[in-house]
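Residue numbers (our numbering), protein chains in the order written: chain A, 8 to 385; chain B, 8 to 385.
2 protein chains.
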Amino acid sequence: MRAVGLVTEYNPFHNGHIYHIKQARKITNADAVVAVMSGNFTQRGEPTILDKWQRTQAALQNGVDLVVELPVFMAVQPAHLFAAGALELLNDLQVADIVFGAEHPLWNFANFVEAEEHFSQREFEKFNATYATQFNRQLSNLTGHSLTDPNDILAFSYYKANLEKGYSIRLHPINRLGSQYHDQTITGTIASASAIREAVSKHEAIDRVAPEQTADLLTKLKCIPAWERLYPLLRNVLIQTPLERLQQIYQMAEGLEYRYREAAERELTFAGFIQRVKTKRYTYSRLLRVCLYTVMEITNDQVLQANAHPYLHVLGFNGQGRKYLHQIKKNVHYPLLTKISQSEHDGLINLDYRAGKLYQMFTNIEQDVKHAPVIVKK
Amino acid sequence: MRAVGLVTEYNPFHNGHIYHIKQARKITNADAVVAVMSGNFTQRGEPTILDKWQRTQAALQNGVDLVVELPVFMAVQPAHLFAAGALELLNDLQVADIVFGAEHPLWNFANFVEAEEHFSQREFEKFNATYATQFNRQLSNLTGHSLTDPNDILAFSYYKANLEKGYSIRLHPINRLGSQYHDQTITGTIASASAIREAVSKHEAIDRVAPEQTADLLTKLKCIPAWERLYPLLRNVLIQTPLERLQQIYQMAEGLEYRYREAAERELTFAGFIQRVKTKRYTYSRLLRVCLYTVMEITNDQVLQANAHPYLHVLGFNGQGRKYLHQIKKNVHYPLLTKISQSEHDGLINLDYRAGKLYQMFTNIEQDVKHAPVIVKK
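So this is what it looks like as structure tokens:
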């Protein structure tokens, strides 16, 4: 059996994802589709609109054969680390190909990776712009192109990780479905995940753009998971934890802890808080990720440690996925985890377990301990 | 001017407190009544039903001349430390007398203090009963009496602190108003604070047992401050903080951190949590206090440090109180704080400031920074 890998968040799962899965099969003629998927928090540091089990179910019902969790310490990261983590797992899962959408699938991303080697490090020491802006200034000088679209940035990162780590995965950037894909209103049968989340928050119909079960779940959603709800917890940590410990939080760089603490002391809403923290130097995503690390008290050391010990947490599979798992299980290097026992939650999976406990604020549902993988028969 | 001191919580202020104030004046013929009062959390570790400024206002409108805050690190403590802290402040405030209610005002409390010196320490090393039970077993053997009523226990503690520290304050235990004082239902014009809180939670009338303004505030109260509301914050700290740091929390003794963490992981309500944590060894009050220390991440060291640097935070006064302050201000040993500036909140008053930030969860009102003392003209 030969597998194609997908890097996903499915926040939420929608018709564009079905197209992606079909294209992946068609281009590679693979026997199995393996998705690595963010857990309950996204790359941008937001809680997902549905939990990881619900999103796994949707993926399996719509063409994915095996879903493996991208651990929180790999998922809630800048694009290049998110991409590198996903490729690390897909490589261990022995996929032959990866298919991914890009805004400019015809670009020679491998070329950009080479160009980056000639970048001046000194340019990045200026504090007046985000890292992305500084990166593109240099890329544009060397190649005439800028990486400004999110999927182009991820595409570049896949090429970079594949090259640097010496994986032999074949990479296939593909077109995303037309410009309507970026619209923030729903017009056709394909809409972006963010447009769908926006529609859900306004109680607008989404049944034309997402599979029935996902649309149902979203329509019935009583509270949309959002930072506003977690803010009292974050605020408490920022106010009560000594500054020297806040300084050890992952990515709490360059005196950010003072900004965070002062904003927490002054602001009673998350909207007010994040506005007060924002500077030109950091994107909202970066700041939201630091919020998550802070409320979970995740330190630099913990992230380093965790990344040194990856694992494959199987969230679900169908018959084909089970066969594929059976084929590769003796050859994977990383521990293959299915059901997590009560005693295991202190182990490898600890950060995901704690992220799940935080996510429980929204759903009251236990996320990891004793949760069996989702099995879809097909 | 000569002052009489009162040790108070006023949670909430009620008619029994008015009686107490009048008796204190009558017995001592003092020129000023000085109350040391717990801030926004009580000795038993609960958030107060009204905030410290509202309770100060009530006290000043009903006979108290000067209100000074008992800092959180002195107030949220076992009875003997609560009493010792209050006496330390009242001694520095140079009161000549202290008048307090006791269930058995005719007992010779000084005798009990002497008896305690003959206690066997070995008895306290048994883990099958609370400290109080073990204490009384020994006191009863030596004196024939047991300290089981809360105000008798405090009375004993005042005598003990007064003797041990060598203060020359005159202590006056007085009768509390009849047995109806302990009833949990409201019958006459005097009711216990806990009966009043219970009545407020049931939306029952309390205007016969509390002064008009307090009754008004309580009747309009939208949410009664309670641990249930703070539980998500506590739960997050217990789940996300490394065990070795939980072990450093003040009074997190003898493996309690494992019980607390496990209960937090399993229980979604505070009621469930505290039931799961409870053992014969600890009273609910002790466990609630540890909840507060935990959510505020207050360590042993911080409590030691704070207690080594007491201060007098003036919450309010009337004309007579102002005169008394003027008289003593050059002779007090501890810093006299009135309005706290933004920059001062990291200083001496830091723990109270942080307790106020936690209390802000209930009211959204800033508690300390830039808050001027309540001034009542009379």
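Just so it is clear, CB atoms sit at the ideal spot from N, CA and C, and this is done for glycine as well.
Discussion item. I want to see whether chain A comes within less than 9 angstroms of Val310/B, judged by CB atoms only; does it?
Written reply: When Cβ-Cβ separations below 9 angstroms define contact, Val310/B makes no contact with chain A.
Worksheet entry | Ile56/B in three-state terms, based on DSSP | Note: Ile56/B maps to coil in three-state DSSP.
Worksheet item: If we count Cβ pairs, one from each stretch, closer than 8 angstroms, do we get three or more for the region 301–318 of chain A versus the region 21–31 of chain A?
Response: They do not touch, by the three-pair rule.
Fill in: Listed by chain order, chain A residues near Ile246/B by CB distance under 7 angstroms
Close partners of Ile246/B in chain A (Cβ separation under 7 angstroms): Arg361 and Lys364.
Item to complete: Report the option in Val383/A, Lys384/A, Leu344/A and Ile382/A whose CA atom is closest to the CA atom of Asp375/A.
Response: The shortest C-alpha to C-alpha distance from Asp375/A to any of Val383/A, Lys384/A, Leu344/A and Ile382/A is the one to Leu344/A.
Worksheet item: With 16 other CB atoms within 10 Å as the buried threshold, where does Ala212/B fall?
Response: Its Cβ having fewer than 16 others within 10 Å, Ala212/B is exposed.
Fill in: Selection from Ser45/B, Leu184/B, Ala206/B and Gly46/B that minimises the alpha carbon distance to Ile193/B
Nearest C-alpha to Ile193/B: Ala206/B.
Worksheet item: By Cβ distance, which residues of its chain are closer than 6 angstroms to Gln187/B, with the 5 residues on each side in sequence left out?
Response: Below a pLDDT of 50, predicted positions are generally treated as unreliable, and Gln187/B, at 48, falls in that range; the measurement from the model is reported next regardless. Excluding residues up to 5 positions away in sequence, Thr194 and Gly195 lie with their Cβ nearer than 6 angstroms to the Cβ of Gln187/B in the same chain.
Fill in: Same chain only: Cβ atoms within 8 angstroms of Leu88/B, ignoring 5 sequence neighbours per side
Taken in chain order, the residues that qualify are Met81.
Worksheet item: Going by Cα to Cα distance, which pick from His21/A, Gln30/A and Asn36/A is closest to Ala10/A?
Response: That would be Asn36/A, whose Cα lies nearest to the Cα of Ala10/A.
Fill in: Run of the alpha helix (DSSP H) containing Arg183/B, from where it starts to where it stops
Per DSSP, Arg183/B belongs to no alpha helix (DSSP H) and is neither H nor E.
Worksheet item: Where does the unbroken alpha helix (DSSP H) through Asp104/B begin, and where does it stop?
Response: For Asp104/B, no alpha helix (DSSP H) segment is defined; the enclosing uninterrupted segment is the beta strand (DSSP E) at Asp104 to Ala109.
Discussion item. Just checking: is the beta-carbon of Asn243/A within a distance shorter than 9 angstroms of some beta-carbon in chain B?
Written reply: Answer yes: the Cβ-Cβ gap between Asn243/A and chain B drops below 9 angstroms somewhere.
Worksheet item: Considering only the beta carbon of each residue, do Glu53/A and Leu295/A sit closer than 9 angstroms?
Response: Their beta carbons are under 9 angstroms apart, which means Glu53/A touches Leu295/A by this criterion.
Discussion item. Comparing C-alpha positions only, which one of Ala270/B, Tyr265/B and Pro239/B sits nearest to Val302/B?
Written reply: The shortest C-alpha separation from Val302/B is found at Pro239/B.
Discussion item. Once the 5 residues before and after Leu299/A are set aside, which same chain residues still bring their CB inside 7 angstroms of it?
Written reply: Phe48, Gly52 and Val83, listed in sequence order.
Discussion item. Asn371/A and Leu275/B - do their beta-carbons sit closer together than 9 angstroms?
Written reply: Less than 9 angstroms separates the beta-carbon of Leu275/B from that of Asn371/A.
Worksheet item: Helix, strand or coil for Gly2/B per DSSP?
Response: Nothing can be reported for residue 2/B: it is not among the residues displayed for chain B, which extend from 8 to 385.
Worksheet item: Checking contacts by CB at 9 angstroms: is Leu355/B closer than that to chain A?
Response: The beta carbon of Leu355/B does not come within 9 angstroms of any beta carbon belonging to chain A, so the residue lies off that interface.
Discussion item. Would Val41/A and Gly70/A qualify as a contact pair, given that the criterion is a beta-carbon distance under 9 angstroms?
Written reply: Between Val41/A and Gly70/A, the C-beta gap is not smaller than 9 angstroms, which leaves the two residues out of contact.
Item to complete: Check Ser3/B in the structure and name its three-state DSSP category.
Response: The structure shown has nothing for residue 3/B, since chain B only spans 8 to 385.
Item to complete: Give the straight-line distance between the Cα atoms of Tyr166/B and Val14/B, rounded to the nearest whole angstrom.
Response: Cα to Cα, Tyr166/B sits roughly 13 angstroms from Val14/B.
Practice prompt. Compute the Euclidean distance between the alpha carbons of Pro85/A and Pro157/A, then round it to the nearest angstrom.
Written response: Going from the Cα of Pro85/A to the Cα of Pro157/A covers about 11 angstroms.
Fill in: Ser199/B versus Ala270/B, Ser208/B, Lys209/B and Val216/B, residue with shortest Cα-Cα distance
Selected option, being the one with the closest Cα: Val216/B.
Item to complete: Identify the contact partners of Asn118/B in chain A, using a Cβ-Cβ distance below 7 angstroms as the criterion.
Response: Near Asn118/B there are no residues of chain A at all, since even the closest Cβ is about 43 angstroms away, more than 7 angstroms.
Worksheet entry | Buried or exposed by the 16-neighbour rule on C-beta atoms within 10 Å, applied to Phe163/A | Buried, by the Cβ-count rule.
Item to complete: Give the secondary structure of Ile256/B by DSSP, where H, G and I count as helix, E and B as strand, and everything else as coil.
Response: In the structure shown, Ile256/B adopts extended strand secondary structure according to DSSP, grouped into three states.
Worksheet item: Taking 9 angstroms as the CB-CB limit, is Gln367/B close to chain A?
Response: Answer yes: the Cβ-Cβ gap between Gln367/B and chain A drops below 9 angstroms somewhere.
Worksheet item: Does the ligand MN have a heavy atom nearer than 8 angstroms to the CB of Ala162/A?
Response: Only the bare structure without any ligand can be found here, which leaves the ligand MN out of the picture.
Worksheet item: Hey, how far is the Cα of Asn325/B from the Cα of Ile382/B?
Response: Each residue's alpha carbon lies about 6 angstroms from the other.
Worksheet item: Leu161/B: buried (16+ other C-beta within 10 angstroms of its C-beta) or exposed?
Response: Burial of Leu161/B is indicated by the presence of at least 16 other C-beta atoms within 10 angstroms of its C-beta.
Practice prompt. Look at the Cβ atom of Ile176/A, then the Cβ atom of Asn118/A, and state whether they are nearer than 9 angstroms.
Written response: Not a contact, by the Cβ cut-off of 9 angstroms.
Worksheet entry | Amino acids of chain A, ordered along the chain, whose beta-carbon sits closer than 7 angstroms to that of Met303/B | The answer, in chain order, is Gln247.
Practice prompt. Check whether the Cβ of Glu264/B lies closer than 9 angstroms to any Cβ atom in chain A.
Written response: At a cut-off of 9 angstroms between C-beta atoms, Glu264/B does not count as an interface residue with respect to chain A.
Fill in: Beta-carbon spacing of Glu423/B, Val321/B below 9 angstroms
Nothing in the structure corresponds to residue 423/B, since chain B is present only between 8 and 385.
Item to complete: Using a Cβ-Cβ cut-off of 9 angstroms, state whether Leu253/B counts as contacting chain A.
Response: It does not; no Cβ of chain A falls within 9 angstroms.
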